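Colleague:
Residue numbers (the numbering used here), protein chains in the order written: chain G, 1 to 236; chain F, 1001 to 1236; chain D, 2001 to 2236; chain B, 3001 to 3236; chain C, 4001 to 4236; chain L, 5001 to 5236.
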């Protein structure tokens, strides 16, 4: 990913990115039924660092399991690189937590860019107050040991019905999170910035009373000409 | 619908309307699992203007489909009458969007009274900031083409397990949306205003320490007499 | 329950309590998929007073049913002891309401500590504005008669996949509600207070840049020694 | 219930009974998502004897619980009257069993008319081989203690979204089970026998090539006249 | 559709057709969660004749509705062309029936090729005994009036998450039903016959002990050469 | 696993094994909502050989993917050891197939003991006719590429809400499949054989008219004494 791509992805919506991927034949990259613990009004962007859970077997998931320094969940929290996003495959099961506020605070302190699960967070209200963006299905108070066994770091996973490979670029906004295959990140970011410029122009036009016909999408020359003028006027 | 009915429906809750319809044998008119994108603190009222989606077939739902000026979704946005509510049958599937913020902004500019889907909106955070009331199941970033093909305007539809006929009166509050058959709107509005007066009286009484026994519902004369005094005192 | 237990339970999170119960082999005491109507920023604590619904049969659930002073829902509202929590088994069905704002206002006036359902409340926005904590699955406008028949007070029930016996201690925070068997309340409260002290210490350490390794859980003596100092310094 | 009613209910379908109840305003008496363990080709008929489960708490549901002669599940099996149907409220949760083949064999030996749960049976294949009709959602091998605590006999319950009172008349065929309020059993049985006669006549007519128009339902005199002749000819 | 296409489609599996459509970018044409009422051991093939239901409003769906000769369900049964398949959009709701045995018998008598719903049939056991192939989600005894209002014939519908246009070619086998866009039926039938020949050859080879490597799919010349010999030997 | 353990596990039911594991604190080892494609009347027993799917990304899952000899699904079919059971984590998603009849035929030819998925099989009717036991959720015709990407062999997986480690012992009967941790297989098999002897004795007693009280479980000496006699008489 080029360095300027990160900045571009900070400025575009997941909806716009979903359309850019749709054009490339990728129709299912938006993580389903996962939302911000608390909307932040800014994007989350970073490469995926993955953690996978399987259903917990009771004998392997007593509290003592956390005393093992190699417990994959705890190791994930201490090794996820700054700037990356820790994303967890909780098999869409929010009946027990994927993590809690202490671990998410540690992630924030370590400079991790965000945290995502298709399960739920415990201490969700406190997590919502942190700076770090966090996404889940719903609050879930029981410890992850109850139903989830952390099993693997940095393998391919599923999250909210999307396949995620380590290094895929994750972008979250106040609506949801999308998974951009690593090799497409630069071109999709470029295209999304262009699309966003046009959409911002369209919103202005619509707010000024214009019809969307011919404007969105642009099917007449007048729309495109007006857009060119707008770009110059607005430095976009 | 009589002109004063609109004003009456602006002042009553969906819960009260649900009970008024229940008395008439209509038990299932509240749209299920649909909520405000952002609560507005005021009602949405208007006749239904319907749009129906069917599951999308890939070859018919490429981005170019939107270039067709007769695409039913786009046509809905430009033809839904001011004061009406655009309501969409998305087959209770929020995995792809029913519409996004540009279209909803256009609806607002055109004076449409509200927009409802049993799917989800993309750019939901922006839609929540608009004036126009919008109701959905949850935010959904993928373009509607991914899963939904807009197929028909102004036919009868299902929305959130309720049958909706064009012209039915929709009322939404901060909890949910209800569908009032057109021919019942006037009488139901009248009755709901009466019920609301009594409920407001009851709330005051309960806040003053009264038991609900005999009061809600009124099974003794004292309750009804006190209510008559309250009505006079409060001009209700 | 000892009198000081109430105060202790006001200060600990449901997540911490869930772990304390997990240690005792109770893995499923957190009510699933139930959330605050509006987060209160303080806990709800009290013994369970139960109300059970069964699916409604139409002939037994006309509006006139509420005129019966022995209707179990209305009786629950007038007899639930101050300080107790009214908890309802709505069979996880939020398609019709479990109660509305008038009844919940009455509960508040009577000094009831909170109200919980695994269904939904009507007039949910108004209930959210009350002082009394209320927990449900989602707003639901139709009267309970539509789908729920109130059938029994003070029997054992299920709520959100948890078995609840009258007198069990319910604790709710801004995430969820947990059910503590009555005979465990004192010891679990004690332990949770201890756990919370350690967790608060850990959060401070993590915010100061410490790794969680060895600290959470404490697997080296340094962590425990630092904690002892912190306790003295903070009077915990 | 009159003695001849049982015989009548043995000869009519659940579908016909559902329509007879629908005429009386009872729209929801068919137990949802429950099917024969193995179709028997004959009806199950009998008054309901109810057993209610709540979610299991681990400490109360160790194997030793079954050593208690008053364990409600075991007591149900030994006290359900011959000719009655044991019906269980398993909260629509088939993840653990409601009962197994030994208990169902005992029910058969005792002359019980059938057994119904909205959960699942263990040893389902063996239960299917028994004479006694059994209905469930799907096979489920884990012992009921895993998730279900038997809590009460002979109270009102819910089963598959239907309210069931002890003594209600249950009728099952190869499709599903319906709950007839006790006071309606005689008249509904009479009406269903009449309806069945007409339906059998219609099937013969349709097999002979007749259109359903005017015949089903009968809207012309010819249909009714032909039916009268058919009744005489067939002794119905 | 060419006349020989029907015969070809009678001989290929839905799985093979799904792959042929997948090659053309159509990934979602198999109707989900719908199965034969009783497997027939032969295919159902025919163009779609559509019937759409919306959620029923009680006042419009009393039993008298069936006395109307233009009731869309009854009209569908009398007008669906011989050789076509009647397919119903029941919004994936099997809680009330889509049709029963009398109507399905009439469809059979009229030479209709099959009947499909994403809801359920009443009298399902009897429908299973008929010659005509029928597909549904599960048996459902309540009359359709309970939850479904028949609203439209021969419009585009959704069925089991697939968009269906009148005239699309439906093929059902003992597993499921697939929807082939009309303009693709001939070429997909041709390709599926070819694929089936190869698959039959592969099964023989595998049964003779061959590995699938290089054989399925054929990635070496030997496999293709052996297949050519097999075709000649077997007249395929 | 001792060699005689296999034979023991062939003779006991999944229900009995579930209880034996329940006694050891393992409450969730039965795979949920997975059933035989066709009941075989005999058990499936073998160590787990695992295959994991993640949600498919379109560009990586074109038909050409199968030409890769290292495609994990195809490799699984050629490398799963004779006597083992191939078990697949399909994330409980039966909307696309986990495998089809050609691959399952190859597994049978190679001496594999069975095949399990928490998704669905295509060509399910043909798979049901094979000798090899196969378990799934429901038939599913679309190729796995549509929604599933085969990603890993022989790692830990989840299947039907159970954690499965390679080498765990799988036992399936006509009801369902259970996962026995490898180190418990011998002792659980021994115990289950003992339990089965007692259960067989109980069934005989119950069929002879005995009450279950005191007999199941045995709480009086008479039951145990009678059992000892029965064992001698029956050589158990």
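Backbone N, C-alpha and C define an ideal beta-carbon position, used for all residues, glycine too. This structure is a prediction, so every number in the text was calculated from the model and none was measured.
(1) Can you give the beta carbon distance from residue 2016(D) to residue 2196(D), rounded, assuming they're within the 8 Å contact cut?
(2) Using a cut-off of 8 Å between C-beta atoms, extract the partners of residue 4163(C) located in chain L.
(3) What's the C-alpha gap between residue 4212(C) and residue 4018(C)?
(4) Over the uninterrupted beta strand (DSSP E) stretch that includes residue 5158(L), give me the two end residues.
(5) Of all the CB atoms in chain D, is at least one closer than 8 Å to the CB of residue 1022(F)?
(6) Assign residue 3071(B) to one of three DSSP states: helix, strand, or coil.
(7) With DSSP collapsed to three states, give me the class of residue 113(G).
(8) In chain order, which alpha helix (DSSP H) runs of at least 4 residues are fully inside the region 32 to 103 of chain G?
(9) Can you pull the chain C neighbours of residue 5077(L), defined as C-beta to C-beta under 8 Å?
(10) Using a Cβ cut-off of 8 Å (strictly closer), state whether residue 2139(D) contacts chain F.
(11) Could you please tell me which residues of the region 2039 to 2051 of chain D, in chain order, have their CB closer than 9 Å to any CB of chain G?
(12) Grab me the residues of residue 5021(L)'s own chain with a C-beta within less than 6 Å of its C-beta, minus the 5 sequence neighbours each way, in chain order.
(13) Under DSSP, the beta strand (DSSP E) around residue 1004(F) begins and ends at which residues?
(14) Alpha carbon to alpha carbon, how far is residue 4121(C) from residue 3133(B)? Give it in angstroms, no decimals.
(15) What do you get for residue 5057(L), buried or exposed, if any count of 16 or more other CB atoms within 10 angstroms of its CB means buried?
(16) Counting C-beta neighbours from all protein chains within 10 Å, is the total for residue 1062(F) 16 or more, i.e. buried, or is it exposed?
(17) Verify the CB distance criterion: does residue 64(G) have a CB-CB separation below 8 Å to chain L?
(18) Do we get a CB-CB distance below 8 Å when we pair residue 2088(D) with the residues of chain F?
(19) Where DSSP assigns a beta bridge to residue 5218(L), which residues make up the other side?
(20) Identify the continuous alpha helix (DSSP H) that holds residue 3119(B) and give its terminal residues.
(21) Are residue 4050(C) and residue 4172(C) closer than 8 Å when you measure CB to CB?
(22) Considering only DSSP beta bridges, list what residue 169(G) is partnered with.
(23) Check whether the region 3082 to 3092 of chain B touches the region 3148 to 3165 of chain B, taking contact to mean three or more Cβ pairs, one atom from each stretch, closer than 8 Å.
(24) Can you give the Cα-Cα distance for residue 3066(B) and residue 5194(L), rounded to whole angstroms?
(25) If you draw a straight line from the alpha carbon of residue 5148(L) to that of residue 218(G), how long is it in whole angstroms?
(26) Residues of the region 1142 to 1158 of chain F in Cβ contact with chain C at a cutoff of 9 Å, in chain order, please.
(27) Residue 1130(F) and residue 1104(F): beta carbons closer than 8 Å?
(28) Nearest CA to the CA of residue 2226(D): which residue from 2166(D), 2201(D), 2209(D) and 2151(D)?
(29) Kindly indicate the opening and closing residues of the alpha helix (DSSP H) around residue 1017(F).
(30) Alpha carbons only, please: which of 5135(L), 5106(L), 5101(L) and 5109(L) is nearest the one belonging to residue 5045(L)?
(31) Within 10 Å of its beta-carbon, does residue 5222(L) have 16 or more other beta-carbons around it, so buried, or fewer, so exposed?
(32) Using the Cα positions of residue 5010(L) and residue 3012(B), report the straight-line distance between them to the nearest angstrom.
(33) Relative to the alpha-carbon of residue 95(G), which residue among 2033(D), 2115(D), 2166(D) and 2099(D) has its alpha-carbon at the smallest distance?
(34) In this structure, does DSSP put residue 2127(D) in helix, strand or coil?
(35) CB of residue 3110(B) to nearest heavy atom of the ligand FAD: below 7 Å?
(36) Determine the contact status of residue 3107(B) and residue 3080(B), defining contact as a CB-CB distance below 8 Å.
Modeller: Inspection of the coordinates gives the following:
(1) Contact holds; Cβ gap of about 6 Å.
(2) Correct list: empty, because the minimum Cβ distance to chain L is about 16 Å.
(3) Going from the Cα of residue 4212(C) to the Cα of residue 4018(C) covers about 21 Å.
(4) That run of the beta strand (DSSP E) goes 5157 to 5159.
(5) Taking Cβ atoms only, chain D reaches closer than 8 Å to residue 1022(F), which makes this a yes.
(6) DSSP places residue 3071(B) in the coil class of the three-state scheme, outside both helix and strand.
(7) Secondary structure of residue 113(G) (DSSP, three-state): coil.
(8) Counting only runs of 4 or more, we get 72 to 79.
(9) Residues of chain C with a Cβ closer than 8 Å to the Cβ of residue 5077(L) are, in chain order, 4212.
(10) Taking Cβ atoms only, chain F reaches closer than 8 Å to residue 2139(D), which makes this a yes.
(11) If the cut-off is 9 Å between Cβ atoms, the region 2039 to 2051 of chain D has 2039 and 2041 near chain G.
(12) Counting only Cβ-Cβ distances below 6 Å, and skipping sequence neighbours, we find 5029.
(13) Element bounds for residue 1004(F): not the beta strand (DSSP E) but the alpha helix (DSSP H), 1003 to 1010.
(14) Looking at the two C-alpha atoms, the distance is approximately 21 Å.
(15) Residue 5057(L) comes out buried.
(16) By the 10 Å Cβ count, residue 1062(F) comes out exposed.
(17) Not an interface residue.
(18) Taking Cβ atoms only, chain F never reaches closer than 8 Å to residue 2088(D), which makes this a no.
(19) The secondary-structure analysis by DSSP pairs residue 5218(L) across a beta bridge with 5215(L).
(20) Premise fails: residue 3119(B) is in no alpha helix (DSSP H) and is neither H nor E.
(21) Against a cut-off of 8 Å, the Cβ pair of residue 4172(C) and residue 4050(C) comes out as no contact.
(22) DSSP lists 47(G) and 180(G) as partners of residue 169(G).
(23) Output reads yes: the region 3148 to 3165 of chain B touches the region 3082 to 3092 of chain B.
(24) Cα to Cα, residue 3066(B) sits roughly 18 Å from residue 5194(L).
(25) In a straight line, the C-alpha of residue 5148(L) is about 37 Å away from that of residue 218(G).
(26) Per Cβ criterion, the list reads 1147, 1149, 1151, 1152, 1155, 1156, 1157 and 1158.
(27) Result yes, Cβ atoms of residue 1130(F) and residue 1104(F) sit closer than 8 Å.
(28) Of the listed residues, the one whose Cα sits closest to residue 2226(D) is 2201(D).
(29) Here the alpha helix (DSSP H) through residue 1017(F) covers 1014 to 1023.
(30) If we check each option's Cα against that of residue 5045(L), 5135(L) comes out closest.
(31) Within a 10 Å sphere around the beta-carbon of residue 5222(L) sit fewer than 16 other beta-carbons, which makes this residue exposed.
(32) C-alpha separation (whole angstroms): 43 Å.
(33) It is 2033(D).
(34) In this structure, residue 2127(D) counts as helix in the three-state DSSP scheme.
(35) The ligand FAD is not among the ligands present in this structure, which contains no ligands whatsoever.
(36) A contact, by the Cβ cut-off of 8 Å.
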